[in-house]
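Shown next, in structure tokens, is the structure this report addresses.
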Amino acid sequence: MSFWNEERARFYRDTWGPPTNPKKWGNLDRMEIPVSLLKGETVLDVGCGLGHLYHALKGQITQYVGVDASPFMLEKARKFFPEADFREGDIYNLSEFPLADTVYSISLLIHLSSVEEPINQLWSRTRKRCVLLIPLGKKEEIKEPEPG
Numbered sequence: 256m257s258f259w260n261e262e263r264a265r266f267y268r269d270t271w272g273p274p275t276n277p278k279k280w281g282n283l284d285r286m287e288i289p290v291s292l293l294k295g296e297t298v299l300d301v302g303c304g305l306g307h308l309y310h311a312l313k314g315q316i317t318q319y320v321g322v323d324a325s326p327f328m329l330e331k332a333r334k335f336f337p338e339a340d341f342r343e344g345d346i347y348n349l350s351e352f353p354l355a356d357t358v359y360s361i362s363l364l365i366h367l368s369s370v371e372e373p374i375n376q377l378w379s380r381t382r383k384r385c386v387l388l389i390p391l392g393k394k395e396e397i398k399e400p401e402p403g
């Protein structure tokens, strides 16, 4: 059974706002890498969810590839942003995805019991920088099953 379903997607959307009008994603200048530094660059967004980061960066970057393990979330992201490149993938094996100037992983690592290999995979796809945003606070009890 997938971690993501309609109820969790609704909670995610209600917490962050819809991708086309985000509550907390509009101010990327408060994030580690301001949008101005990404102008003209390529981005790989691992754990892209509904596509919030794409919405914040579109028009500034030259290429965006959003990766998520959930077909459910990817289907919803594609409905919001049909022009974006969203692909199904596994954080434990990112070799099929293009190298990018900046690799983002936002709130994904908190769902994993081990992060060493995922961090190595993220780092392997970047040319310049890897941005890991990890929320501090109570972690959800339900986790996506580990591969294998």
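Reading the sequence shown from the start, the letters are residues 256 to 403 in the numbering used here. C-beta: ideal position from N, C-alpha, C; glycine also.
Of the listed residues the options, nearest to residue i (C-alpha basis)
i    : options                   : result
L299 : H310, L388 and P353       : P353
R263 : E296, M328 and G314       : M328
K383 : L305, T297 and G304       : T297
G344 : K331, I361 and P326       : P326
S368 : K313, Y347, N260 and C303 : Y347
G302 : D323, K294, L312 and A311 : D323
Q318 : D340, Y359 and R333       : D340
E330 : K313, G295, I365 and G306 : G306
Q315 : R333, F335 and L293       : L293
Segment limits, beta strand (DSSP E) that includes residue i
i    : result
A324 : It is not in any beta strand (DSSP E) - A324 carries neither H nor E in the DSSP assignment.
Opposing strand residues paired with residue i [DSSP bridges]
i    : result
N348 : D345
I361 : L388
T297 : Q318
A355 : T381
Buried versus exposed, by CB contacts within 10 Å (16 or more), residue i
i    : result
G321 : buried
T357 : buried
P337 : exposed
I361 : buried
R265 : exposed
G304 : buried
DSSP state of residue i mapped onto helix, strand, coil
i    : result
K383 : strand
A339 : coil
N260 : coil
D284 : Legend: pLDDT at D284 = 43, less than 50; position of this residue unreliable, value from coordinates given subsequently. If DSSP states are grouped into helix, strand and coil, D284 belongs with the helices.
S369 : coil
K334 : helix
L305 : coil
K394 : Residue placement at K394 is poorly supported in this model, since its pLDDT is 49, which falls under 50; the coordinates still yield a value, given next. Here K394 sits in coil by DSSP.
Proximity test, Cβ basis, 8 Å: residue i and chain C
i    : result
L349 : Looking at the structure shown, chain C is missing, and only one protein chain is on hand.
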